[in-house]
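**Q**
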Amino acid sequence: MAVCCDLEVDVNGEETFMVDKKVIASYCGRLRKLFGKSTGSARNLKVIFNDFPGGAGNFELLSRFCYNNGRIDITPSNISFLHSAAQFMEMNNSVSGTHNLLEETEKSLKGMNYWAWSELLITIKQCQDLLPFPNSSGILEKCVDSLIGRMATSSEPSPCPSTSSPDSSGVRFSCDTRSTESLKNSFSRATWWFEDLLVLSTNLVGMVIKSMVLRKFDHAIISRFLFYYQKSKCYTGTSDEKRNVVETVIDILYILDWNSVSFKSLFGILRVALNLNISKCSRTKLESMIGSQMDQATLDNLLIPSPYGMNYLYNVKLVLRFLKAFLHGGISQTSPTQLRKVASLMDLYIAEVAPDPCLKPSKFLALTMSLPDSARDSYDRIYRATDMYLQVHTGLSEEEKMKICCALNYEKLSAEACIHLSQNKRFPSKSAVQALMSQQVKLKSLLKATDKMKCYIDSPSGVSEIGRKGKKNEASEQIVLYAGKLDPPTNNEKLRAHLQGMQWRVTELEKICLKMQTQMTKIIKSRVSSHSTPRSLPKLCS
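This is the structure:
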């Protein structure tokens, strides 16, 4: 029987085929509609397809099906192409004595559960190539569902079957290049699939991970794969491709349990992201994940160089955004231990960036005031960092200096720090007044505490007459001495001298309070050890 070639088909501009219009149209509903009643005409026609799924190679497979009276060997290596072509060409009308291509491919898909692991991967790879075309996602979803089912129930991939199909030889996966035993040695039993899934595109990896989350996969394992995927994909490719990978990984990590995500790995992906100018949305997500675990950070983590073109040494704005994310839920959502750890870390960071001559006062103040006052028991480190900043930035006005000093809590400064401040010419005189006032408040509170202890010791149930003799009179005299009204002088030099004297009196009073507390402890222990036998009590002050 002579073959008529009366139809010219241009497939995506790749190749032109001369086929029998009647044979092809008898299986393809799309062409049948196009030709209408002109099927029997001898006039040559030309059809141009600009979006044929699978390109010229797939049209050739489709033509074989038509010329072989609806018969073709359907395998995992070509089923995705044939299925998409059948949908595109509307090959859903049976011909007498044969089955249409769409029915044949769907029948083959029912046996997907019996496919080998490598066959699933090959089909998924081909489906990815077809994604720009319509109707290509249905088979892909089935493959992904089967793939995840294998991962959930198996500790290793099933053996790779031998295949003579030439279409499968061009795609090589880990099962084709290494044994199962080698795979076990490279990864743990829970992560044997890591390298195989590197075949996934950035679009598909999101689909796979979301399905894994729905199936209750361990989030720690998922995050490990994502970091592995990002590192592997970012070794090659253009900047745009790398940016797409990083943004995809960040967006997927964001939906996981953040406590299951490695903090160290987050900083690793941050270093890559900073050089790729990722989207603001992805950047905010990454900063939120890092900020939520800020108590795990180290000083080296935070010492991130400033962006290219900036004068300041370190990226202070980025660290401030980390802190904002850390405090996003409010202080009530943060444990006191976490808060103190972050405060200690920030004290080190502030001391490191303070000598930067290009660091603006507003940024330095933002750092020192970024955490609530309750985060610190002592402000000595903040004072030393402020002193360093003022030493480097000598051109600041008194008003700017006072704004910077607003971050100091003078009541939480040690005696040594207050004495140093009183002698420090770099600090404005008003800050010395505030330090004096805070010490006065501290002194009054110590006086109250001392009076309470004195009343207890002087009471009949407190200390015997023997215990009230000796140094008691000296302590009383000191207490009377300290009880006078403290009016700070106006002259700067006198003010600093007065502050030093004030600090000395506070220190002495603290010593007296400590002695009284020690004696009270001894009294209580003595009473507990003997209820009936009177014993002489130790003297209050030696």
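When the letters of the sequence shown are read in order and numbered with my numbering, they come out as residues 33 to 574. All C-beta atoms in this analysis are idealised placements derived from N, C-alpha and C, irrespective of residue type, glycine included. The structure displayed is predicted, hence computed values, not measured ones.
1) Buried or exposed for C175, going by 16 or more other Cβ atoms inside 10 Å?
2) Count the other CB atoms within 10 Å of the CB of K78; is the residue buried (16 or more) or exposed (fewer)?
3) Would you mind stating whether R416 and K444 have Cβ atoms separated by less than 9 Å?
4) Return the bridge partner residues of W77 from the DSSP annotation.
5) Check whether the segment 418 to 432 touches the segment 359 to 378, counting contact only when three or more Cβ pairs, one atom from each stretch, lie closer than 8 Å.
6) What is the DSSP secondary structure of Y421, reduced to helix, strand or coil?
7) With respect to 8 Å, is the separation between the Cβ of N44 and the closest non-hydrogen atom of the ligand ZN below this value?
8) Apart from the five residues on each side of it in sequence, which residues of its chain come closer than 6 Å, Cβ to Cβ, to F618?
9) State the Cα-Cα distance for the pair K296 and K157, rounded to the nearest angstrom.
10) Just to confirm the assignment, what range does the beta strand (DSSP E) spanning E47 have?
11) Tell me the DSSP bridge mates of Y381?
12) Give the straight-line distance between the Cα atoms of S264 and F91, rounded to the nearest whole angstrom.
13) For S112 and T155, I'd like the C-alpha separation in whole angstroms.
14) Classify N333 as buried or exposed, calling it buried when 16 or more other Cβ atoms lie within 10 Å of its own Cβ.
15) Go through its chain and collect everything with a Cβ distance to N145's Cβ below 8 Å, but skip five positions before and after it.
16) So what does DSSP say about Y346, is it helix, strand or coil?
17) Where does G502 fall in DSSP's three states?
18) In its own chain, which residues sit with a C-beta less than 8 Å from the C-beta of C438, not counting the 5 before and 5 after it?
19) Could you pull out every residue in the same chain whose Cβ sits closer than 8 Å to the Cβ of Y381, ignoring the five residues on either side in sequence?
20) Return yes when the Cβ of L162 is within less than 9 Å of the Cβ of S95, no when it is not.
21) How many Å lie between L153 and S271 at the Cα?
22) Pairing CB atoms from the segment 382 to 389 with CB atoms from the segment 421 to 432, are three or more of them under 8 Å?
23) If you count every other CB in all the chains shown that lies within 10 Å of the CB of M50, and 16 or more means buried, which is it?
24) If you follow the alpha helix (DSSP H) that K447 is in, where does it begin and where does it stop?
**A** According to the structure shown:
1) buried
2) exposed
3) no
4) Here the sequence assigns Leu to residue 77, which means Trp is not the residue at that position. DSSP output for L77 lists L39 as bridge partner(s).
5) no
6) helix
7) This structure simply doesn't include the ligand ZN, nor any ligand for that matter.
8) Since the first and last residues shown for the chain are 33 and 574, residue 618 lies out of range.
9) 32 Å
10) 47 to 51
11) Per DSSP, none; premise fails for Y381.
12) 34 Å
13) 6 Å
14) buried
15) S178
16) strand
17) Note that G502 scores a pLDDT of 46, beneath 50, so its modelled location is shaky; the value from the coordinates is reported in the next line. If DSSP states are grouped into helix, strand and coil, G502 belongs with coil.
18) L397, M401
19) L331, L334, L335, V351, L399
20) no
21) 27 Å
22) yes
23) exposed
24) A quick correction: the sequence has Ala, not Lys, at residue 447. Unbroken alpha helix (DSSP H) run through A447: 447 to 454.
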